Structures are given as C-alpha cells and as structure tokens.
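J.:
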Amino acid sequence: MPEAASVIALNDVTRTYKLGGEVFSALDHVNLSVEAGEFLAIIGPSGSGKSTLANIIGGLDKPTSGTVLIEGNDIAKLHDARLSAYRNRHIGFVFQSFNLQGNNTALENVMLPLVFAKQNRKTRKARAIACLEAVGLSDRLQHKTNQLSGGQRQRVAIARALAVQPSIIIADEPTGNLDSARGQEIMQLLSKLNKDGITLIMITHDQSLAAQAHRIIEIRDGKLTGRKG
Amino acid sequence: MRFTDYVLIALRNIWRAKLRSALTIFAVVIGAMSVTIMLALVTGAKSFFLNQVEANGTLQQVAVSPQQDITNFNDAQHSGGGNCSANCVKLTDDIANKIKAVPHVVGVARIAGQGMLAAIGYGGQLLTLNQTTAYDANGIISNNVLAGRDIAASDTSGVITMTSDYADKFGFKGNYQGIIGKTVKLQTQDFYRGVGATVQPPQQCNGPCNSNNQPDNQPTTLTATVVGVIDTSNDSKAIRVPLEWMRQMQENQMYQMTPADQAADQADQAKCRKVPGPCNTTQHFSLVVTDMLAQNGYSSLIAKVDNSKNAASVATAIKKFGVGAADASASVKQQLTIFNIVGLVLGSIGGIALAVAAVGVVNTMVMAILERTREIGVMRAVGAKRSTVRSLFTIEASLLGFWGGVVGVLAGFGLTRIANILVNKQLASQSVKAHNIIGLPLWLILTVIGITTLIGMLAGLYPAGRAAKLDPVEALRYE
Chain R
0 MPEAASVIAL NDVTRTYKLG GEVFSALDHV NLSVEAGEFL AIIGPSGSGK
50 STLANIIGGL DKPTSGTVLI EGNDIAKLHD ARLSAYRNRH IGFVFQSFNL
100 QGNNTALENV MLPLVFAKQN RKTRKARAIA CLEAVGLSDR LQHKTNQLSG
150 GQRQRVAIAR ALAVQPSIII ADEPTGNLDS ARGQEIMQLL SKLNKDGITL
200 IMITHDQSLA AQAHRIIEIR DGKLTGRKG
Chain C
0 MRFTDYVLIA LRNIWRAKLR SALTIFAVVI GAMSVTIMLA LVTGAKSFFL
50 NQVEANGTLQ QVAVSPQQDI TNFNDAQHSG GGNCSANCVK LTDDIANKIK
100 AVPHVVGVAR IAGQGMLAAI GYGGQLLTLN QTTAYDANGI ISNNVLAGRD
150 IAASDTSGVI TMTSDYADKF GFKGNYQGII GKTVKLQTQD FYRGVGATVQ
200 PPQQCNGPCN SNNQPDNQPT TLTATVVGVI DTSNDSKAIR VPLEWMRQMQ
250 ENQMYQMTPA DQAADQADQA KCRKVPGPCN TTQHFSLVVT DMLAQNGYSS
300 LIAKVDNSKN AASVATAIKK FGVGAADASA SVKQQLTIFN IVGLVLGSIG
350 GIALAVAAVG VVNTMVMAIL ERTREIGVMR AVGAKRSTVR SLFTIEASLL
400 GFWGGVVGVL AGFGLTRIAN ILVNKQLASQ SVKAHNIIGL PLWLILTVIG
450 ITTLIGMLAG LYPAGRAAKL DPVEALRYE
C-alpha cells in the first residue's frame, strides 16, 4: 500500500437513535482514519454498526456528535445541498442488492449520477460508456438491467459508482447476492479500481473477502474493537 | 439538474406506469373537457353578442323615451307612444330637432309603432301580425337584409319589408328573393280610421249598419308590395313600413261638423224658412283628418352619436329636454356581466371535475413514491438533493395535469365542432347571419392547459414533499 495522507478522519463520532423511550448507540466514540488509496474492510456481526459507519463516511447519515473530515472538510456540518453535492462528486456506492432501476438500460443507470452533476447528455453518455467498458459490459449498454445476470448487475452498479470519478467507493456487502465465482469477479474488479488509486471501503461479514483488504477493522456494538492487516 | 432532464425523467416515470398514468390523466381530461366546452360556449355567445352590438351600432346610440324615468336602453327603445300623461313628454318633431342639435349627435331616427294592422295575408294565407314599425330610413337603425332591400327614404307608402319568419310561413323559405315584388294584404283592426278606410258621414249608412244607422266598424284591407326580407336578429314576426305611410295609417278620419258646416246649415235653414211648407235640410259634415302621430308623438327616438365614448354624455344632455334617455353601455355591460357570471358558474362546475381529478393525481403520486422509495434512496445516495427529488415529483404531477389538459382541450375542440354544426343549423333556420360562433380562442386553450398543469403541480406538492423528506438510509432499506 502506498504512503498517502488521511483522506478520511473520524474523530469521536457517535451516532445514537431513540427507539421508544430508549437511546440506542449505533456508533460509540469512534475514531478512524483512512488513507488515500487504502482498501479498508469493515467486519462485524449483524447490527454492530458497520453500515452506520459506512453511511456516515459516505455522507448518507450524520453523526450525533463528533467530526467527519473528508479531504479536510467536516461533512457533518454540511447542509443537505452541499452534502448531496459532496456525495455526487466524491463517493461511489455499491450496494448488496445492486439498487438499479430495472426498467432502465445499463447506460441510463450509469448516467444517473451524472444527471445530478448537471453534465450535458453528450458528456454523460460518453462517460457512462467508458465506465461500462471499464467493467467489461460494453456489449450490454442498451440492455435493461432486469435482463442482466446478478454479476452483470453488480458490474453496472460499480460502473455507476465510477461515473463521477469518485475518490472513495463504499461497497456494502458487494458480493452478498452473488455466487462465489461472480463474487470473485466483483472483488477482482474492485481491487483493480483500488490499485488505480480509489480509496475502497468494503463492508462484509465474509472473512475471506476481508482478507483481500489492506486493513481490516472490526466493529462490535458500535465500537471499533480490533485492527488487522 | 437541467430542466429538460427533469422533464425527460418525469415522462419516463409516467410511461413506466402506463395504466395508472392513463387513468389519472383521464380524470383530468374529463375536467378539462368540461371546462373547455363550457367556457367556449360562453365565450362564443359573448363574442356573438358583441358582434351583433357592434354591427347594429348600438354602442353609438342613445334611446329616447317619452317616459322621463326610463333609464334602460332596451326599455327606452321599446317604450310605446300613445297618450302621454304623467312624467311624460311627447316626442315631437320639435324635440327630435332639438336633439339633433346636441353636440356629438350626428342624426336622429324617429320610431313609430302601432297596433292598427292585425294581419298579413298572401296566397290565401292570413297570419296574425305581431308588430308593425316604422322609422326614419337614414341608416341609424340598420337591418340585416336577406333579400331585396330595406325601406328607403324615398318610400312613402305601399311598400313593406318583412322578417324572414313570415317569408318562411308564406312558403319562401330558402328562396326569399321569390317574395320580393309580391303584393300582400294588410288587414287592419276594426276601429281603423286611417288612410284607405271607408269613412261615412254620420246618419248615412250604406251598410253594414248598426242599430243607430251608423256604419258598423269593419276592418280595412290595404295592399303593399314586399321590397325586402329582413333577418330576425332585431325583431321577429314584424313588418316595417315607411314612416310617412305609418303617419297616414295613424290618421283619424272622421266626419265632423265644422264651424263652416254649421254656418252652411244655418244658411240652409234660413233659406228654407223663406219658402212656405216643411223645411227639411241636410246637415253638413266635413271629413277632418287628424294627424295622430303629431298629436301623440313618436314611440321613441334613436340618436346616433359620433363616438361611443360620448354616448353617456349625450344621454345626459338629452334628458334636459324632460324626456327619458339611455345609452346602451349600461345594458351591454349588464349583459356582459351576466355572461361572465354564467361563465364562472359553468366553469366552476367543470372545476369540480378538476378538483376530483386533483385528488386522483395526489393518490397516484403517493402510490408512485411508495413504489419508488428505494429508487429515491438511490437518487439521494448518488447526489440528488431534497429539492431535486421534490422538483422531480412535482414536475411529474404537473405533466399529468398538462397531458390531461391537452387531451381535454382536443376533446373539447371536437365537441365544439359538433355543437357548431347544430348551432349553425338553428341560426340558419332563423336566418341569422352567423357561423361557427362557438370557438376556441388561443387564450382559452392556453388557459385550460395552464390551469390543469397548475392543478397537477399543486396536487403533487404534498407527495413531492413527502418524497423529499425521506431519509436516504431508510429509503435504501425499504422492501
């Protein structure tokens, strides 16, 4: 792993929820830094706070307290419009259930983030084609995603994540809905992207997948309990 | 995000749920069509009315009545003549000349109506005569001539124009030219003593006679040549005669004992007494013709004004002669107000349908948001702002309203074409020159589409707000 500055720095981050009359801590005084170009795996049992941590890093959620510095900017203090712009420009999400628009083509799905980036149609299309080529789907541009296999859909999702040229990709159980062979293909693709310089944060419960990361952190009951790698 | 992208995404989403979108749009179509037809009807009627008013020159007219307290144009125009008693000034030639001299008055038409004529007959048919009018043929009062010509200033007697309904009844429907030049009979009332009436001296009855040996009242038959057929937009079942002939018809011919007749009687008596024996002399009577029109005055007058803006001030000036005067602007305004109220009421009825359609739009959009909750989560994850999500759904709802408006207007257009065919037939049967009066002006089309789009947008505000407020994390987890 190359030497690089911290691109992500969480300082004393806590995220609590009120359920009924009780307060539940999804994250409890978490401190974490991630360097640029690092491949970090977050593991932990179900309900441990992995997804909450990923959502806060990705700007989908805000901490109850603490700071979240991404490239020096505290995104916890941003209002919706700027936070949305931050996600659009810096973060690519890859979800376990792909979260594609089934009735749209692969090309249209990949163009979606670029629509919100206010790029013109010609630019969007060119960029989307390039992303789909990068994931090996240049022959599936006009296929509706509900006509693709699981592995192909996840590739489209990765292409979508790449469309805005993010500095960080957050993959939440990216192989969870795939068989082992397809899962390996996806992991190879994600590793390649990481080698090209994108910071990769992967949430997984699969130890063998986590072992492919530069660093593994374990989270339990909202606390980081161990670091490996 | 560019506006075109909003529209394209919204259109795509509408297309994705075709049946649901079609049903929602259909409800808007019903409302839009109703509003379109109703407003087209009212707009057409208003336009037709204004065209008639302008064609008649009504806005440049002031109606003068002998009744001082008349303030309505139509009432002033149709106020009868006859004996003028309280609050009444006779409309004489002198008054007419004074009115002609009022600033901005360019001419005066004298109107006389009478009930002397009872029936009109042609070809063995005798029809009750509804109305007989006469007025100056100076162009102030104009008629729509369907065949022949109108009464001219050079006509003095023996000619009439008739409204087309009489020509129809006499068998000239569709061929009004055919009755031009024909001679008709005009039957008077029993008490008629005008021109052409047989008037006999008293106590000389050449039959039929009453018990006092006085001639029994019998109607007189006059003849006239038809010179023109007029449409029924001003009057129906009416004939028009030259003003001079009306004057003659209204004359009262009566044998009276004048002072000269009395002197002659006395002279005869004196002569007779000089001769021994019984003295039987014949009384002298002279036929006295009284101009009743001059005595009673005209029914009304119409003063033509140089500019419609001056009509009100001219009416005020004319009232100073002690007569009643009214310009048409108040009547026209009142009529237009009635049209507007009717339009509002009818439009509101159509608006109820649109309100119901709006509820349908709300329901459709709420359903769409429920179905697309995860999709909203993805949009937010890849960078859509809350305002972007709100705008997307608002525009989608607006488009539902827009398309409903477009289709509704098209459907309304089709129905107005059918309505025009029916109305054209009706107007043609009454010989009214008007065609396709129910129209869809561009402003009406744009207004209806604008209203339906606005209603769609307003209906979409609540669902769009809900969509915008969705927590992206919760939305991504939604099953």
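Protein chains in written order, with numbering that gives the first Met the number 0: chain R, 0 to 228; chain C, 0 to 478. Even glycine gets a Cβ: it sits at the ideal position worked out from N, Cα and C. All values reported here derive from a predicted model rather than from experimental measurement.
In the DSSP assignment, what residue or residues form a beta bridge with glutamate 395 of chain C?
T.: Paired residues: none, contrary to the question.
J.: Are the C-beta atoms of glycine 57 of chain R and some chain C residue less than 9 Å apart?
T.: By this cut-off, glycine 57 of chain R is an interface position.
J.: Taking only the alpha-carbon atoms, compute the straight-line gap between serine 328 of chain C and alanine 311 of chain C and give it to the nearest angstrom.
T.: 8 Å
J.: Between the segment 49-65 of chain C and the segment 302-322 of chain C, can you find at least three pairs of beta-carbon atoms closer than 8 Å?
T.: yes
J.: Considering only the alpha carbon of each residue, which of R/Ile167, R/Ile218, R/Lys143 and R/Ile74 lies closest to aspartate 195 of chain R?
T.: Taking only the C-alpha atoms, the option nearest aspartate 195 of chain R is R/Ile167.
J.: Any chance the segment 466-476 of chain C sits against the segment 374-391 of chain C, with 3 or more Cβ pairs inside 8 Å?
T.: A contact between stretches requires three or more CB pairs, one per stretch, nearer than 8 Å, and the segment 466-476 of chain C meets this requirement with the segment 374-391 of chain C.
J.: I believe isoleucine 229 of chain C touches leucine 145 of chain C by the beta-carbon criterion, under 8 Å. Please report the beta-carbon distance rounded to the nearest angstrom.
T.: 7 Å
J.: Could you list which residues in chain R have their beta carbon closer than 7 Å to that of proline 471 of chain C, in chain order?
T.: Leu59
J.: Are any of the Cβ atoms in chain C nearer than 9 Å to that of asparagine 10 of chain R?
T.: no
J.: Which residue's Cα is closest to the Cα of glycine 147 of chain C: C/Tyr175, C/Gly227 and C/Asp68?
T.: Out of C/Tyr175, C/Gly227 and C/Asp68, C/Gly227 has the C-alpha closest to the C-alpha of glycine 147 of chain C.
J.: If you check the beta carbons only, do isoleucine 90 of chain R and proline 165 of chain R fall under 9 Å apart?
T.: yes
J.: Terminal residues of the continuous alpha helix (DSSP H) containing histidine 28 of chain R?
T.: Here histidine 28 of chain R belongs to no alpha helix (DSSP H); instead the beta strand (DSSP E) covers 21-34.
J.: Along the chain, where does the alpha helix (DSSP H) that runs through tyrosine 165 of chain C open and close?
T.: 163-166
J.: Can you check which of these residues, C/Thr451, C/Ser428 and C/His77, is closest to isoleucine 174 of chain C by C-alpha distance?
T.: Per the sequence shown, the amino acid found at residue 174 of chain C is asparagine instead of isoleucine. Of the candidates C/Thr451, C/Ser428 and C/His77, the residue whose Cα lies closest to the Cα of asparagine 174 of chain C is C/Ser428.
J.: Return the bridge partner residues of valine 101 of chain C from the DSSP annotation.
T.: DSSP output for valine 101 of chain C lists no bridge partner at all.
J.: Compute the Euclidean distance between the alpha carbons of leucine 441 of chain C and alanine 166 of chain C, then round it to the nearest angstrom.
T.: 40 Å
J.: Kindly say whether leucine 475 of chain C, judged by its beta-carbon, lies nearer than 9 Å to any beta-carbon of chain R.
T.: With respect to chain R, the C-beta atom of leucine 475 of chain C has a partner C-beta closer than 9 Å.
J.: Under 8 Å, CB to CB, which of the residues in the segment 386-407 of chain C have a partner in chain R?
T.: So the list reads Ser386 and Thr387, given in the order they occur along the chain.
J.: Would you call threonine 241 of chain R buried or exposed, if buried means 16 or more other Cβ atoms sit within 10 Å of its Cβ?
T.: The structure shown has nothing for residue 241 of chain R, since chain R only spans 0 to 228.
J.: Are the Cβ atoms of threonine 229 of chain R and glycine 36 of chain R separated by less than 9 Å?
T.: Absent from the structure is residue 229 of chain R, since the part of chain R shown begins at 0 and ends at 228.
J.: Would you mind telling me which residues of chain R sit closer than 8 Å to methionine 0 of chain C, beta carbon to beta carbon, in chain order?
T.: Val114, Phe115 and Lys117
J.: Report the residues of the segment 93-111 of chain R with a CB closer than 9 Å to any CB of chain C, ordered along the chain.
T.: Phe94, Ser96, Asn98, Leu99, Gln100, Asn102, Asn103, Glu107 and Leu111
J.: Buried or exposed: threonine 23 of chain C, going by 16 or more other Cβ atoms within 10 Å of its Cβ?
T.: buried
J.: Under a Cβ-count criterion, where at least 16 other Cβ atoms within 10 Å of its own Cβ denotes burial, should alanine 396 of chain C be classed as buried or exposed?
T.: buried
J.: Does the contact criterion of 3 or more C-beta pairs under 8 Å hold for the segment 395-414 of chain C versus the segment 440-459 of chain C?
T.: yes
J.: Output yes or no for whether 9 Å exceeds the beta carbon distance between isoleucine 200 of chain R and isoleucine 157 of chain R.
T.: Against a cut-off of 9 Å, the Cβ pair of isoleucine 157 of chain R and isoleucine 200 of chain R comes out as no contact.
J.: From the beta carbon of asparagine 54 of chain R, is the nearest beta carbon of chain C less than 9 Å away?
T.: Cβ-Cβ to chain C under 9 Å: yes for asparagine 54 of chain R.
J.: Using 8 Å as the cut-off, classify the Cβ of leucine 140 of chain R as near or not near the heavy atoms of the ligand GDP, replying yes or no.
T.: The ligand GDP is absent from the structure shown, which contains no ligands of any kind.
J.: In terms of residues, what are the limits of the beta strand (DSSP E) holding isoleucine 150 of chain C?
T.: Premise fails: isoleucine 150 of chain C is in no beta strand (DSSP E) and is neither H nor E.
J.: Tell me where the beta strand (DSSP E) around valine 61 of chain C begins and ends.
T.: 60-64
J.: What is the rounded straight-line gap between the Cα of alanine 363 of chain C and the Cα of alanine 356 of chain C?
T.: The question names alanine, but residue 363 of chain C in the sequence shown is threonine. Cα to Cα, the separation comes out at about 10 Å.
J.: Could you tell me which of C/Ser33, C/Val358 and C/Val408 sits nearest to glycine 455 of chain C, measuring between CA atoms?
T.: The shortest C-alpha separation from glycine 455 of chain C is found at C/Val358.
J.: When the Cα of aspartate 60 of chain R is compared with those of R/Asn102, R/Thr13 and R/Asp138, which residue comes out closest?
T.: R/Thr13
J.: State yes or no: is the beta carbon of isoleucine 481 of chain C nearer than 9 Å to at least one beta carbon in chain R?
T.: Since the first residue shown for chain C is 0 and the last is 478, residue 481 of chain C is missing from the structure and cannot be characterised.
J.: Which residues in the same chain have their Cβ closer than 8 Å to the Cβ of leucine 439 of chain C, if we skip the five residues on either side of it in sequence?
T.: Only Thr35, Ala39, Val408, Gly411, Phe412 and Thr415 meet the Cβ criterion.
J.: Which residues in chain R have a C-beta closer than 7 Å to the C-beta of alanine 383 of chain C? List them in chain order.
T.: Ser83 and Phe115
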